Structure formats: C-alpha cells, structure tokens
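Chains as they are written, first to last, in my numbering: chain A, 23 to 190; chain B, 2 to 237.
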C-alpha cells in the first residue's frame, strides 16, 4: 500500500475523500456514540474507500458508491460495538462553524438525532438517505432493494420520526 | 408528498446544520493502516490463536524428558494431541492468511448476503479450530503437572485418564460448541440487519442464539472450575 500512496491513485482518492467529508461526518454521527468512536469510524470509512477505490469503475454515481461503502462500513462497525442506547450531549453535535445558527434550531436538530438513534441501524441508513434528499431510485440502488420497498419503508420511518419529534 | 403545517419538516431540520470538515484532512489524505471492523479484528485474533497453537512445540522437549516415567502412555497421549494442534495451527495460519480483504463496495443488501455466506461457510472449521486452544492449554498444564509431581498420579489410574480425556477431547468438543454459538450470534446479527431490507423477522432468533451462547459459556466455565477443583483436591 505504501508504494501506491504516492501515485495519482492516491491523489484522486484524496480529492474524493475531502469532497465527501461532510457526508462521512454525518454518517459517523449517526453510528458512533462518542467523539473518539466517531473519529475511528471516519478513519475506517476512509480505509474502506481506499480499498474499494480500484474497484470503482464508474458503474454508478460517485456519491452512490460513497454512500454504499460508508454505510456498509458503519453498519459493520455498529455490529462490532453491540447494541447500546446512548444519547449524544448536545455540544457534541454542534460544530464551531454552526455557532451562528440559533438555539432553537440546535434543539430541533438534537431531537432529530435522538429520534434517528431510536431506529435500527439499517432503518437509520434509509432515513439518512432520505434526509439527504436522495431519490427513491438512488436509495434502492444503494440498499439493493426495490423502489417500492424503499417507498414503504421510508413512509413508515418518516411517520415514526415525526411522532417521536412531536413527543409521541 | 404533502406536508402538514403542524408536522416537523424533517429534511429542513436535518439540513440546517452542516458538520464541520475534518481539520486533519490536509492536501493528501493519509490512509489508515489497520481496520477495526469486527471481521478484521476476528481475523487478527485467529492469527494470534495460531501462534498459541504453534508455540506448543516448546513443550516437546519437556514431554521427551518424561518418556521414561511411569506416565509414559499418558505422555504419549498428550504429545499426540500437541502434534495434532501444531498441524492444525499451521493449517489455520495458511487458511486465515489466504482470506481476501473484504471490500465493501456493493449495495448494502448484497454486502450483507455475501458476509453471511462467507462466515456461514467458515463457521464449522473455525469453531473446531478455536475449540482446540482451551483443550491445548489444559493439556499443557497436565504436562507441567506430570513434570513436577514425579509419578504421583499412577499411570494406569482412572483418575489420570479422566483428567486427560475430560481436559482433552471432551473440553475440545465443548469449547468448539461454545465457539460455534458465539459465531452464530454474530451471523444472526448480520441476518437481523438483512431483515431490515427484506421484511423478515430475526429478532427472536437472535435472542435465542444469545441465550444459547451464554448458557454454553456458563457450562464450559463450570466444567473448567470443576476440573480445577478436582485437580486441587487430588493434590491435597
């Protein structure tokens, strides 16, 4: 691996990882509990992207492929951690550059995170993709299920999230 | 998708706060060297387990020194088990090292199915290989016991053979049975993840597998404690 670190392959990889870092961070927040675990998971996703990179032949959009690798890694990582129900402290979800955003929005965002954490890891992946405004077709491609099933699942997940956010 | 005014706008809430880009990402992103995913950690554990099996060759000179002692038949039995474990250790080393790196570039459903098939094929030989290690450790302490007690345990005695068999093949079988249950729980976790994408229920099966695993671990721990207590009583 050391030799290829220097080559154009590594440069392309670096560009892609920097470009999609925000997405990787969002996935890490959803699947890792502490800041250290999130850092570990982000590293793990970058490692898996590096390993899978030579196999990416442009058969799908790069964002679709990044979602596949990152979510596969997060789901596998989560299996290794076992099931733990935790809640993030609000501070850990607030980034320095989002300080301008008002308190109320932070509270809403925090509540949404807590609601997402109540979902099973696989359902959380579907919810994340929908929240990221992916089309049903793209979600179906990332998850490997039919578009109809995506529709049914997303509808159920959305209803539950809304209910939980309204205090149900 | 009509949005009721009283309902929270989930996408709006989600997109209003964007995460900060990692400060550590400089011009060229460094590539992490070691994976911490469960499959890779398990693989590393299997390689360490191989070393325990291979290190047993150090016990052969001790066994050789005991060959002219009254426990000769028992020592032959122990050496036979050690030899078998060394062969298994070499096989385990070659086999585990030959596993390809898991590349996670497929869709979630296919990846889970592939993981499930791969580990499903490996579960029986892996359980057998992992089960050998506790039995090997027990046999090693038997050998050390014989080296230090100078024939206190009569060679033809039932007690000596009881310890050799209970701490050898029987413990091997039980430890393999425990390893099988442990790996099965892991496989069911993958199946449960698959159920989210394919409308099947695995929760109950997972709970059952976990309780099986826990009871098997408890049985093995009880057998080990029993053997230890019986051994200590014989020494008194």
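Glycine included, C-beta positions come from ideal geometry on N, C-alpha and C.
In this text the structure is predicted, and so the values were computed from the model without any measurement.
About 49 Å separates the beta carbons of residue 106(B) and residue 143(B), which is beyond the 8 Å limit, so they are not a contact pair.
Taking C-beta atoms as the reference points, residue 135(B) and residue 194(B) fail to come closer than 7 Å. Going by DSSP, residue 70(A) is part of the alpha helix (DSSP H) stretching over 57–74. Each residue's CA atom was taken as its position, placing residue 202(B) and residue 196(B) some 6 Å apart. Three or more Cβ pairs closer than 8 Å define a contact, and the region 151–171 of chain A meets that threshold against the region 89–97 of chain A. Contact between residue 232(B) and residue 164(B) holds: their C-beta atoms lie close to 7 Å from each other, under 8 Å. The alpha-carbon separation between residue 78(B) and residue 92(B) amounts to approximately 21 Å. Counted as a single uninterrupted DSSP element, the stretch harbouring residue 171(B) is not any alpha helix (DSSP H), since DSSP gives it neither H nor E.
Closest in alpha carbon position to residue 135(A), among 169(A), 144(A), 42(A) and 187(A), is 187(A). Scanning chain B for C-beta atoms nearer than 7 Å to the C-beta of residue 31(A) yields nothing, as the closest lies near 11 Å away. For residue 57(A), no chain B residue has a C-beta closer than 8 Å to its own C-beta; the minimum C-beta separation is roughly 12 Å.
With a threshold of 7 Å between beta carbons, residue 206(B) makes no contact with chain A. Its Cα nearest to that of residue 222(B), the residue 178(B) stands out among 200(B), 178(B), 191(B) and 236(B).
Spanning the alpha carbons of residue 47(B) and residue 133(A) requires a straight line of approximately 42 Å. With a threshold of 7 Å between beta carbons, residue 100(B) makes no contact with chain A.
Annotated as distal: residue 104(B) and residue 147(A), with beta-carbon spacing of 7 Å or more. A residue is called buried once 16 or more other Cβ atoms fall within 10 Å of its Cβ, and residue 49(A) is buried on that count. Burial state of residue 192(B) is buried, judged by a 10 Å Cβ sphere holding 16 or more other Cβ atoms. Judged by beta-carbon spacing, residue 35(A) lies within the 7 Å limit of residue 72(A), meaning their Cβ atoms are closer than that value. Between residue 143(A) and residue 69(A), the gap from beta carbon to beta carbon reaches 7 Å or more. The three-state reading of DSSP puts residue 125(B) in helix, counting H, G and I together. Residue-level contact by beta carbon holds for residue 134(A) and chain B, with a gap shorter than 7 Å.
Proximity of the region 50–67 of chain B to the region 125–140 of chain B meets the contact definition, three or more beta-carbon pairs being nearer than 8 Å.
Ranking 180(A), 179(A) and 154(A) by CA distance to the CA of residue 44(A) puts 154(A) first.
Residues of the same chain with a CB within less than 6 Å of the CB of residue 54(A), apart from the 5 flanking positions on each side, are 60 and 63 in chain order. Not flagged as an interface residue toward chain A: residue 210(B), since no C-beta distance is shorter than 7 Å.
In summary, residue 185(B) is buried, with 16 or more beta-carbon neighbours lying within 10 Å of its beta-carbon over all protein chains present. For the region 63–75 of chain A, the set of residues with a beta-carbon nearer than 8 Å to any beta-carbon of chain B comprises 64, 65, 66, 68, 69, 70, 72, 73 and 74, in chain order. The residue among 161(A), 141(A), 127(A) and 152(A) with its C-alpha nearest the C-alpha of residue 100(A) is 141(A). With 16 or more other Cβ atoms inside 10 Å of its own Cβ, residue 97(B) counts as buried. Ranked by Cα distance from residue 41(B), the first of 108(B), 162(B) and 120(B) is 120(B).
Between residue 189(B) and residue 217(B), the C-beta spacing is not below 7 Å. In this structure, residue 52(A) lies away from residue 11(B), with their beta-carbon atoms at least 7 Å apart. For the region 187–201 of chain B, the beta-carbon criterion of a distance under 9 Å to any beta-carbon of chain A is satisfied by 187, 190, 191, 193, 194, 195, 196, 197, 198, 199 and 200.
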